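In UniProt numbering, the protein residues as written are 1 to 91. Positions of the beta carbon are idealized from the N, C-alpha and C atoms, including for glycine. Nothing here was measured: the structure is a model prediction, and the numbers come from that model. Worksheet: one structure, shown below.
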Amino acid sequence: VSGDGRINGGLNLSRAIGDHSYKQNKELNDKEQMITALPDVKTLTVEPEKDQFMVLACDGIWNFMSSQDVCDFILPRLAEGRERLSQICEE
């Protein structure tokens with residue numbers, strides 16, 4: 001891990017589902033590889049009367065936006081009637 005927290009100067013997270021090139025050392029088990037696909041799991045209670053949606057995002061979003069910032073970005077776009085969430089994500 002480099003000084004800026006990146007793995008081999010590129011990957012900026014501690015685990016990933018893809019990124020197979022970081023998991024190829026045959027001498028190491030899954031947990032000993034540079035990164036692991038074993039997730040940290042956090043359980044939250046959904047409150048349907050308050051919670052309208054859930055956002056699953058990477059550090060590319062969370063390093064620059066708070067949860068409230070993300071909601072403030074998404075909500076007006078949903079209100080505009082944009083049905084394709086992929087379109088909102090691309091923005």
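Collapsed DSSP secondary structure at L75 in the structure displayed: Residue 75 sits at position 75 when you count from the first residue of the sequence shown. In the structure shown, L75 sits in a helix (DSSP, three-state: H, G or I).
Cα-Cα, which of Q52, F53 and C71 is closest to I61? Position 61 of the sequence shown, counted from the start, is the residue given in the question as residue 61. Measuring from the Cα of I61, the nearest candidate turns out to be C71.
Secondary structure of I61, DSSP reduced to three states: In the sequence shown, counting from the first residue as 1, residue 61 sits at position 61. If DSSP states are grouped into helix, strand and coil, I61 belongs with the helices.
How far does the alpha helix (DSSP H) with E32 in it reach, from first residue to last? Numbered from 1 along the sequence shown, position 32 holds the residue referred to as residue 32. Here E32 belongs to no alpha helix (DSSP H), and DSSP marks it neither H nor E.
Please report the distance separating the alpha-carbon of S86 from that of L56. Here residue 86 refers to the residue found at position 86 when the sequence shown is read from its first residue. Here residue 56 refers to the residue found at position 56 when the sequence shown is read from its first residue. Going by the C-alpha atoms only, they are around 13 angstroms apart.
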